[in-house]
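This report concerns only the one structure given below.
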Amino acid sequence: MTALTIVLVLVLLLVVFGLLFRLQTLTSIFSGSFTRDIGMSNSVNAVLFIVFLVGGGAWFAYSFAENFNKMNPPIASIHGHAMERMFWITMAVIGVAFVITQALLFWYSYKYQHKEGRRAYFFSHNNTIEVVWTIIPAVVMAALIFAGWKAWTRITGPAPKESVVLEVMGKQFNWLVRYPGRDMKLGVVNYRLIDATNEFGFDLTDKSALDDFTAGEVHVPKGVPVLIKIRSRDVLHAVYMPHFRVQMYAVPGMPTRFWFTPTTTTDEMRAKLGNPKFDYELACNQICGRGHFAMKLKIVVDEPDDYQNWYAAQKSFSEQNPDVLASFKNKPATMAPAAAQVEAAEQPAAPLASMSH
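Per our numbering, the very first residue in the sequence shown carries number 90; after that it's consecutive.
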């Protein structure tokens, strides 16, 4: 305790001496007796600004070119090309503005460094400059926002009638996936029914839920629209599929959705990349806890016929868990919240026959 007191006293003394020194300096400035010799330090700093501008810019350009392919995996969806184009247009606009302003900032720091006898030009207002740097950014930003709004409403709006429908639920720290059964309708789920076996909360008193099945990985057919209904069971997660340019939050208590059309099968992408071990991935890119890093799920893009074969081979949740089904038969019907019923019936899936083209 004594040592801590001594340290605190020393710190306070340093603060007091510092304030006294600053007070003395201010007094000298106001009295007109204070002068400071700039010396070479100002010129050195001005030159270092230019060195940093050139060196930092060159390093950024090299790093960007070297890692471009890592930052931009191949696109494997129809809408992904539009998203990519919109992203790079935005980056180009922002990048040009950034380069111009930063280059001028560093150049002016060098060009207008302090020199004896030089006086800065000062003006308080310029209407032309105010109008230019208000209207141009406003018009550009409005155009970018309008383009983004159009893309957003398209990928989150009603999916085509022939879409394959599946539901993804995030929880700490993995993803759960369910598909509609032969009736092509997702049944009702109820969070009150969730337990160690019934992780989705299937309400098996609903006939549409009887043939729904869960899967350990996502399977989707090439060339067919896919509607993903998204939920979270606990905290905020995010469905992120980089190759399909899909990202959507999984929000507790608020179902979200996203639809896309895959264009490249897993086997085709493996051949394209020359990597026989490649797999598409669904990852959570919203930090959701200590196990966030492991929250990934494999995605398989099949040819339509292969998808039909995989789909036909799946067994429903009720078939795989007869004890759970029996427990529902022995108790009164459980009514799910209205929101869950609406979401379950919102978008019927298309018959498998429609994917045979």
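Glycine included, C-beta positions come from ideal geometry on N, C-alpha and C.
CB residue i to CB residue j, shorter than 8 Å?
{"i": "Asp64", "j": "Tyr268", "result": "Any property of residue 64 remains undetermined from this structure, which presents the chain solely from 90 to 446."}
{"i": "Arg322", "j": "Glu256", "result": "no"}
{"i": "Ile348", "j": "Ser252", "result": "The sequence given here has Trp at residue 348, not Ile. The answer is yes: Cβ separation under 8 Å."}
{"i": "Glu288", "j": "Leu386", "result": "no"}
{"i": "Val315", "j": "Thr355", "result": "no"}
{"i": "Ala240", "j": "Met343", "result": "no"}
{"i": "Phe195", "j": "Phe138", "result": "yes"}
{"i": "Val182", "j": "Leu142", "result": "no"}
{"i": "Glu312", "j": "Pro393", "result": "Before going on, a small fix: residue 312 reads as Gly here, not Glu. Yes, they are a contact pair."}
{"i": "Met358", "j": "Ala165", "result": "yes"}
{"i": "Gln202", "j": "Asn131", "result": "yes"}
{"i": "Asp292", "j": "Ala298", "result": "yes"}
{"i": "Tyr369", "j": "His308", "result": "no"}
So for residue i, helix, strand or coil by DSSP?
{"i": "Glu251", "result": "coil"}
{"i": "Phe262", "result": "coil"}
{"i": "Ser321", "result": "strand"}
{"i": "Tyr199", "result": "helix"}
{"i": "Val105", "result": "helix"}
{"i": "Lys420", "result": "coil"}
{"i": "Pro440", "result": "Any reading at Pro440 is ruled out, since the residue's pLDDT is 36, under 50, leaving its predicted position unreliable."}
{"i": "His214", "result": "coil"}
{"i": "Phe176", "result": "helix"}
{"i": "Glu408", "result": "helix"}
{"i": "Phe291", "result": "strand"}
{"i": "Glu256", "result": "strand"}
{"i": "Ala111", "result": "Note on identity: in this sequence residue 111 is Arg, with Ala being the wrong assignment. Reduced to three states, the DSSP call for Arg111 is helix."}
{"i": "Thr303", "result": "strand"}
{"i": "Arg267", "result": "strand"}
{"i": "Val278", "result": "strand"}
{"i": "Arg208", "result": "coil"}
{"i": "Asp395", "result": "helix"}
{"i": "Thr286", "result": "coil"}
{"i": "Ala192", "result": "helix"}
{"i": "Gly246", "result": "coil"}
{"i": "Ala236", "result": "helix"}
{"i": "Ala298", "result": "helix"}
{"i": "Met230", "result": "helix"}
{"i": "Thr94", "result": "helix"}
{"i": "Ala181", "result": "helix"}
{"i": "Ala186", "result": "helix"}
Can you grab the Cα-Cα spacing for the pair residue i / residue j, in whole Å?
{"i": "Trp148", "j": "Gln191", "result": "15 Å"}
{"i": "Phe262", "j": "Phe110", "result": "57 Å"}
{"i": "His332", "j": "Ala186", "result": "29 Å"}
{"i": "Leu414", "j": "Met384", "result": "29 Å"}
{"i": "Glu219", "j": "Thr345", "result": "42 Å"}
{"i": "Lys404", "j": "Ala339", "result": "26 Å"}
{"i": "Lys274", "j": "Pro351", "result": "22 Å"}
{"i": "Met276", "j": "Val228", "result": "First, the residue type needs correcting, since residue 276 is Gly and not Met in the sequence shown. Between Gly276 and Val228, the C-alpha separation is close to 47 Å."}
{"i": "Ser167", "j": "Val335", "result": "According to the sequence as given, residue 167 is Ile; it is not Ser. Each residue's Cα considered, the two are about 11 Å apart."}
{"i": "Pro247", "j": "Asn156", "result": "36 Å"}
{"i": "Pro365", "j": "Val254", "result": "28 Å"}
{"i": "Phe406", "j": "Ile283", "result": "13 Å"}
{"i": "Lys296", "j": "Arg281", "result": "18 Å"}
{"i": "Val98", "j": "Lys200", "result": "46 Å"}
{"i": "Gln477", "j": "Thr303", "result": "Nothing can be reported for residue 477, as the shown portion of the chain is limited to 90 through 446."}
{"i": "Asn279", "j": "Gly378", "result": "25 Å"}
{"i": "Ala425", "j": "Met337", "result": "Note that Ala425 has pLDDT 43, beneath the 50 cutoff, so the model's placement of it is unreliable and the number below is only indicative. Rounded to whole angstroms, Ala425 to Met337 spans 25 Å at the Cα level."}
{"i": "Phe153", "j": "Asn161", "result": "11 Å"}
{"i": "Ala171", "j": "Arg243", "result": "11 Å"}
{"i": "His381", "j": "Lys250", "result": "35 Å"}
{"i": "Gln179", "j": "Trp222", "result": "Note that residue 179 is Thr in the sequence shown, not Gln. Each residue's alpha carbon lies about 18 Å from the other."}
{"i": "Thr423", "j": "Trp238", "result": "Confidence is the limiting factor: at Thr423 the pLDDT is only 46, short of 50, which leaves the residue's position unreliable and the question unanswerable from this model."}
{"i": "Gln375", "j": "Glu173", "result": "21 Å"}
Would you mind sorting residue i into buried or exposed? The rule is 16 or more other CB atoms within 10 Å of its CB.
{"i": "Lys418", "result": "exposed"}
{"i": "Ala258", "result": "Reading off the sequence, residue 258 comes out as Met, not Ala. Counting Cβ neighbours within 10 Å, Met258 comes out buried, since at least 16 surround it."}
{"i": "Leu371", "result": "buried"}
{"i": "Ile317", "result": "buried"}
{"i": "Asp412", "result": "exposed"}
{"i": "Leu93", "result": "exposed"}
{"i": "Val133", "result": "exposed"}
{"i": "Gly290", "result": "buried"}
{"i": "Asp391", "result": "buried"}
{"i": "Ser341", "result": "The residue you asked about is not Ser; residue 341 is Pro in the sequence shown. Exposed."}
{"i": "Trp264", "result": "buried"}
{"i": "His326", "result": "buried"}
{"i": "Tyr151", "result": "exposed"}
{"i": "Pro163", "result": "exposed"}
{"i": "Val266", "result": "buried"}
{"i": "Gly169", "result": "buried"}
{"i": "Gly310", "result": "Here residue 310 turns out to be Pro, not Gly, going by the sequence shown. Looking at its Cβ environment, which holds 16 or more other Cβ atoms inside 10 Å, Pro310 is buried."}
For residue i, is the beta carbon positioned less than 7 Å from some heavy atom of the ligand MN?
{"i": "Ile224", "result": "Among the components of this structure there are no ligands whatsoever, and the ligand MN is therefore not found."}
Counting only beta-carbon atoms, is residue i nearer than 8 Å to chain D?
{"i": "Asn419", "result": "You won't find chain D in this structure, because it holds only one protein chain."}
Pick out the complete alpha helix (DSSP H) segments inside the segment 131–168, 4 residues or longer, and give them in chain order. 157–160
Would you list, in sequence order, the uninterrupted beta strand (DSSP E) runs of no fewer than 3 residues that lie entirely inside the segment 305–391? 307–310, 315–321, 326–330, 335–339, 345–349, 369–373 and 385–391
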